[in-house]
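>
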Amino acid sequence: MKSTVKSTIFILFLLALLTACGAEEDTTGTSSVPAPAENEVVNNTVSASTEAKEETQLFTGESFSFSYPSSWKDADLNIPQVVAAFVNPNPKGGFVDNLNLIIEESSATPEEAANLSAQGLSNGDGVELIQNYKKLNYVDVPEKAAGILEAEYTHGELNQQVVLTQYFVSNGNALYTLSTSYSKTSYDNGGKATIQNILDSFKITESAMNSIDTSANADSSLEGFTEENIFAEMMAYIIPTEIEDGALDEKTYNYIIQHHQLFPAVTPEDQKSAKAEVDPTITSRHLLKNLNPYLDKMMEVSGYVIDITEEELDGGITIAEIHIIDDNDNSIVGFYANSTGDILEDDYVTLRGVPATYYSFDNISGGTTISILLGVSTIDKVE
Numbered sequence: 329m330k331s332t333v334k335s336t337i338f339i340l341f342l343l344a345l346l347t348a349c350g351a352e353e354d355t356t357g358t359s360s361v362p363a364p365a366e367n368e369v370v371n372n373t374v375s376a377s378t379e380a381k382e383e384t385q386l387f388t389g390e391s392f393s394f395s396y397p398s399s400w401k402d403a404d405l406n407i408p409q410v411v412a413a414f415v416n417p418n419p420k421g422g423f424v425d426n427l428n429l430i431i432e433e434s435s436a437t438p439e440e441a442a443n444l445s446a447q448g449l450s451n452g453d454g455v456e457l458i459q460n461y462k463k464l465n466y467v468d469v470p471e472k473a474a475g476i477l478e479a480e481y482t483h484g485e486l487n488q489q490v491v492l493t494q495y496f497v498s499n500g501n502a503l504y505t506l507s508t509s510y511s512k513t514s515y516d517n518g519g520k521a522t523i524q525n526i527l528d529s530f531k532i533t534e535s536a537m538n539s540i541d542t543s544a545n546a547d548s549s550l551e552g553f554t555e556e557n558i559f560a561e562m563m564a565y566i567i568p569t570e571i572e573d574g575a576l577d578e579k580t581y582n583y584i585i586q587h588h589q590l591f592p593a594v595t596p597e598d599q600k601s602a603k604a605e606v607d608p609t610i611t612s613r614h615l616l617k618n619l620n621p622y623l624d625k626m627m628e629v630s631g632y633v634i635d636i637t638e639e640e641l642d643g644g645i646t647i648a649e650i651h652i653i654d655d656n657d658n659s660i661v662g663f664y665a666n667s668t669g670d671i672l673e674d675d676y677v678t679l680r681g682v683p684a685t686y687y688s689f690d691n692i693s694g695g696t697t698i699s700i701l702l703g704v705s706t707i708d709k710v711e
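Here you go:
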């Protein structure tokens with residue numbers, strides 16, 4: 329998630345900078361656009377209430393396409409993260425209406441990405457050009473695995489009101505963020521309809537939308553996965569996804585493989601074996617002091633459930649994430665490859681598992697919580 333926050337701030341800061349790109353360019357209306365093979369001119373109705381049609385340009389990328397006003401020109405940013413960026417070369421006033429598209433590897437849902445964007449900009453994360461940010465609305469578009477975030481801000485240098493519209497689309501592996509910024513005047517005088525036209529035209533290719541299903545089919549054929557390594561591989565995938573620059577330690581990986589029948593331990597015999605593996609001298613206090621000596625040892629920890637979620641994956645696999653505060657008032661986040669049954673928030677539970685790494689996140693008090701991430705073998709509700 330942290331990478332998504334950074335990318336979101338980058339996107340918004342880029343939008344503010346784009347206002348200078350168009351203003352400094354030639355305003356004759358000459359447009360520099362991508363190669364003709366990737367573009368075609370089409371006519372789209374701006375809104376049902378107008379008879380006029382706006383000429384648009386269809387931009388086609390490797391996995392997506394969308395239409396934009398044909399009078400706009402390529403911003404020519406030469407920034408690898410930006411797959412497309414266009415500006416209005418004939419702005420009315422100081423602000424230059426613009427759009428850009430960024431694609432990033434992320435499992436974030438559109439709503440999660442929108443919340444991160446709104447939170448980051450509301451907090452003024454170092455973006456001087458974007459001031460007085462205010463979220464206006466969020467609309468989920470489930471049929472397109474998408475969401476639309478609308479917001480306003482004041483441009484720091486121009487002192488103008490700007491309407492920001494972000495369209496987030498996810499295929500489970502990648503997050504597409506199409507962002508448009510219009511001056512409030514431009515937005516109220518036809519810009520809103522143009523933006524809707526742009527969003528309606530945005531499409532991801534079928535192969536890109538099905539990419540997560542293709543991966544699932546590969547998993548179901550067990551190519552590269554075995555009964556012995558599947559949970560270790562899941563943890564090796566989860567950790568860098570949840571933690572920027574995170575990785576599963578080799579000692580933990582090998583321990584899970586050597587005791588694969590215990591992850592998860594679902595039979596009475598395996599549950600008994602898991603309990604026998606526990607080193608009762610290990611507590612969260614030891615782990616917070618130095619995690620390394622315990623990366624290949626089973627521990628037991630009890631506490632109240634702060635948060636618990638389950639996700640059913642293709643292939644009949646369920647992955648649960650459990651966050652507890654233990655008896656030492658320390659934070660533990662566990663991943664468990666099975667259903668947790670009737671366990672709910674505020675229940676008192678006992679987890680057994682192998683510690684994998686540290687995990688930090690922002691807490692509601694404005695500080696940072698250091699948590700221990702656990703590969704869970706068993707979870708029991710204590711009545």
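Note that this note's numbering has the sequence shown beginning at 329, numbered continuously upward.
We treat Cβ as the ideally placed atom computed from N, Cα and C, and that holds for glycine.
Run the CB neighbour count on residue 467, radius 10 Å, all protein chains shown included, and call it buried at 16 or more, exposed below.
Per the 10 Å Cβ criterion, exposed.
> Please say whether residue 412 and residue 426 have beta carbons closer to each other than 8 Å?
No.
> On a Cα-Cα basis, can you pick out the residue from 395, 447, 442, 648 that is closest to residue 690?
The candidate whose alpha carbon is nearest that of residue 690 is 447.
> If you draw a straight line from the C-alpha of residue 441 to the C-alpha of residue 496, how long is it?
Distance between the alpha carbons of residue 441 and residue 496 is about 7 Å.
> Mind checking whether residue 431 and residue 502 have CB atoms under 8 Å apart?
Yes, the pair counts as a contact, with Cβ atoms nearer than the cut-off.
> By the 10 Å Cβ neighbour count, where 16 or more other Cβ atoms means buried, how is residue 621 classified, buried or exposed?
So residue 621 counts as exposed.
> Helix or strand or just coil, what does DSSP make of residue 689?
Residue state, collapsed to three classes: strand.
> I'd like the span of the alpha helix (DSSP H) that includes residue 486, first residue to last.
Residue 486 -> no alpha helix (DSSP H), and no H or E assigned at all.
> For residue 383, is the classification buried or exposed, using 16 other Cβ atoms within 10 angstroms of its Cβ as the cut-off for buried?
Counting Cβ neighbours within 10 Å, residue 383 comes out exposed, since fewer than 16 surround it.
> Return the CA-CA distance between residue 394 and residue 388, expressed in angstroms with no decimal places.
Computed Cα separation, rounded: 7 Å.
> Residue 694 to residue 595, Cα distance in whole Å?
If I take the Cα positions, the gap works out to 43 Å.
> I'd like to know if the stretch 583 to 603 and the stretch 631 to 647 are in contact, where contact means that at least 3 CB-CB pairs between them fall below 8 Å.
With a cut-off of 8 Å, the stretch 631 to 647 and the stretch 583 to 603 do not count as touching, because too few Cβ pairs lie within range.
> Kindly give me the distance between the Cβ atoms of residue 686 and residue 619, rounded to whole angstroms, as I take these residues to be in contact under 8 Å.
The pair is a contact, with the Cβ atoms about 6 Å apart (cut-off 8 Å).
> Helix, strand or coil: how does DSSP classify residue 571 here?
Reduced to three states, the DSSP call for residue 571 is coil.
> Which residue marks the beginning of the beta strand (DSSP E) containing residue 622, and which one marks its end?
Residue 622 -> no beta strand (DSSP E), and no H or E assigned at all.
> Does the structure place the stretch 552 to 564 close enough to the stretch 572 to 588 that three or more beta carbon pairs sit under 8 Å?
Yes, they touch.
> Just to confirm my understanding: we take residue 706, look at its own chain, exclude 5 residues before and 5 after, and list those with CB closer than 6 Å. What are they?
Cβ neighbours of residue 706 beyond the five flanking positions: 593, 599, 602, 680.
> Using only CA atoms, which one of 682, 671, 437 lies nearest to residue 709?
It is 671 whose Cα lies nearest to the Cα of residue 709.
> Between residue 513 and residue 482, what straight-line distance do the alpha-carbon atoms span, to the nearest angstrom?
Answer to the nearest angstrom: the Cα atoms are 13 Å apart.
> Per DSSP, residue 654 forms a beta bridge with which residues?
In DSSP, residue 654 forms a bridge with 631.
> Helix, strand or coil: which one does DSSP assign to residue 585?
In the structure shown, residue 585 sits in a helix (DSSP, three-state: H, G or I).
> Taking 8 Å as the cut-off, decide whether the C-beta atoms of residue 666 and residue 612 are in contact.
No, these two residues do not count as a Cβ contact at 8 Å.
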